[in-house]
Amino acid sequence: MTPAVRHPAEPAATPATTPPTSPARRRRAPKPPSALLSRAGVTAVLALATVYTLAPLTWLLLSSTKSRADLFGTNGFALGEEMHLAENLRHLFSADGGVYLRWLANTVAYAGGGALLAALFGVAAGYAFDKLAFPGKERLFALVLLGVMVPGTALAIPLYLLAAEAGLVNTFWGVFLPGLVFPFGVYLARVFSAAYVPDEVLEAARMDGAGEFRAFCRIGLPMLAPGFVTIFLFQFTQIWNSFFLPLVMLSDQDLYPVNLGLYVWYSSALAQGHPEDYLLAVVGSLVAVAPLIAVFLMLQRFWKSGMTAGAVK
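Each residue of the sequence shown is one higher than the one before, starting from 1004 at the first, in the working numbering.
Encoded structure:
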């Protein structure tokens, strides 16, 4: 037998050394944020937005406390010689036989009732688009999105022609019924339904024998409370500030909303030289803003608490 040949030990492999990182491959230091995105820039932008929002309200509040002479003889952001707010309010509510209170009641009916029904219909439609399956669902939803992109002023004349055919011109229903249609609310309700209503809960309710309508009323609607309040606030504000549709639809001053009535007083002050109507328009504008602020403050806590309403334990 030939002895086994012993091979010399192979030299241990030396660990591969990593090549030095070239300067071109080194991570560049992040650039400092621009002045617009810095904390000071963001604070300045927010301050400008706050001034832009509060300056008209401040002018309106200060001007409403002045007499007619102070209104035209002093700076808009300066106080008058005496406080005349209570006197101006009494004059506002008694002018033209108290027609301002009638305008305010009309606006509450148009905006309150219209926004309530529009929110209910919008939440039901958005829930149906999200949770139910029916033929042509996506095509119908595309039409809803198309309605979102069409401005309301562009629909005023077609709505007037339809109301004329139905005999609703210069009536309460000619202004009230268009406010029930809110395409953006349907879109928003579908988004809220997809986020807050679990499919598993609905399946469990169906297995327990609940129909679709009962499942929506007992399960879907409580969970969609934040969406309902959000849609209501959006539509309430939109109807309250509506101007062009009542302008083309109404000719009876007893049916005017408050915005259209204030426009009549302001036009009278400019065209017919009645400066007292200008003061009425200023004080009436201040009073017309108050219900919007009150509604938002009252519904804000429901908006927040509704985020957890109907939560699954």
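Yeah, the Cβ is synthetic: ideal placement off N, Cα and C, and Gly gets one too.
For Gly1223 and Pro1186, I'd like the C-alpha separation in whole angstroms. Sequence index remark: in the sequence shown, residue 1223 carries index 220 (1-based). Sequence index remark: in the sequence shown, residue 1186 carries index 183 (1-based). One C-alpha to the other measures close to 20 Å.
Assuming Gly1079 contacts Trp1062 under a Cβ cut-off of 8 Å, what Cβ separation, rounded to an integer in Å, is found between them? The count along the sequence shown starts at 1 and reaches residue 1079 at position 76. The count along the sequence shown starts at 1 and reaches residue 1062 at position 59. The beta carbons of Gly1079 and Trp1062 sit about 5 Å from each other, so the pair counts as a contact at 8 Å.
Evaluate Pro1018 with the Cβ neighbour count: other Cβ atoms within 10 Å of its Cβ, from every protein chain shown; 16 or more gives buried, anything less gives exposed. Here residue 1018 refers to the residue found at position 15 when the sequence shown is read from its first residue. The predicted position of Pro1018 is uncertain, since its pLDDT is 49 and thus under 50; no value can be drawn from it.
Looking at Gly1117: is its Cβ nearer than 8 Å to the Cβ of Phe1075? Walking along the sequence shown from the start, residue 1117 turns up at place 114. Walking along the sequence shown from the start, residue 1075 turns up at place 72. No.
Counting Cβ pairs, one atom from each stretch, are 3 or more of them under 8 Å apart for the segment 1278 to 1291 and the segment 1223 to 1236? Segments in contact, no.
Leaving out the 5 sequence neighbours to the left and right, which residues in its chain are closer than 7 Å to Leu1162 when beta-carbon positions are compared? For the purposes of this step, residue 1162 is identified with residue 159 of the sequence shown, where counting begins at 1. Closer than 7 Å at the Cβ level, and outside the excluded window around Leu1162, lie Pro1181, Leu1248.
Residue closest to Arg972, alpha-carbon to alpha-carbon, out of Leu1092, Glu1141, Pro1260: As displayed, the chain neither begins before 1004 nor continues past 1316, which places residue 972 out of reach and without an answer.
Using only CA atoms, which one of Ala1127, Tyr1281, Val1189 lies nearest to Tyr1266? For this step, residue 1266 is matched to residue 263 along the sequence shown. The candidate whose alpha carbon is nearest that of Tyr1266 is Tyr1281.
Once you ignore the five residues that flank Ala1098 on each side, which residues in its own chain have a CB closer than 7 Å to its CB? Numbered from 1 along the sequence shown, position 95 holds the residue referred to as residue 1098. These residues qualify, in order along the chain: Leu1283.
Under the assumption that Gly1177 contacts Ala1166 (Cβ atoms under 8 Å), give the Cβ distance between them as a whole number of angstroms. Here residue 1177 refers to the residue found at position 174 of the sequence shown. Here residue 1166 refers to the residue found at position 163 of the sequence shown. The pair is a contact, with the Cβ atoms about 5 Å apart (cut-off 8 Å).
Give a yes or no on contact between the segment 1237 to 1247 and the segment 1108 to 1122, applying the rule of three or more CB pairs nearer than 8 Å. Between the segment 1237 to 1247 and the segment 1108 to 1122 there are three or more inter-stretch CB-CB distances shorter than 8 Å, so the stretches are counted as touching.
Measure how close the beta-carbons of Asn1109 and Leu1258 come, nearest whole angstrom, since I'm counting them as under 8 Å. Here the question's residue 1109 lines up with position 106 in the sequence shown. Here the question's residue 1258 lines up with position 255 in the sequence shown. The Cβ separation is near 6 Å, so the contact holds.
Can you round the beta-carbon distance between Phe1124 and Phe1132 to whole angstroms, since I take them to be within the 8 Å contact cut? Residue mapping note: residue 1124 aligns to position 121 of the sequence shown, counting from 1. Residue mapping note: residue 1132 aligns to position 129 of the sequence shown, counting from 1. 12 Å between Cβ atoms; not a contact.
Please state whether DSSP places Met1301 in a helix, a strand or coil. Counting from one through the sequence shown, the residue named residue 1301 turns up at place 298. Met1301 falls in the helix class under three-state DSSP.
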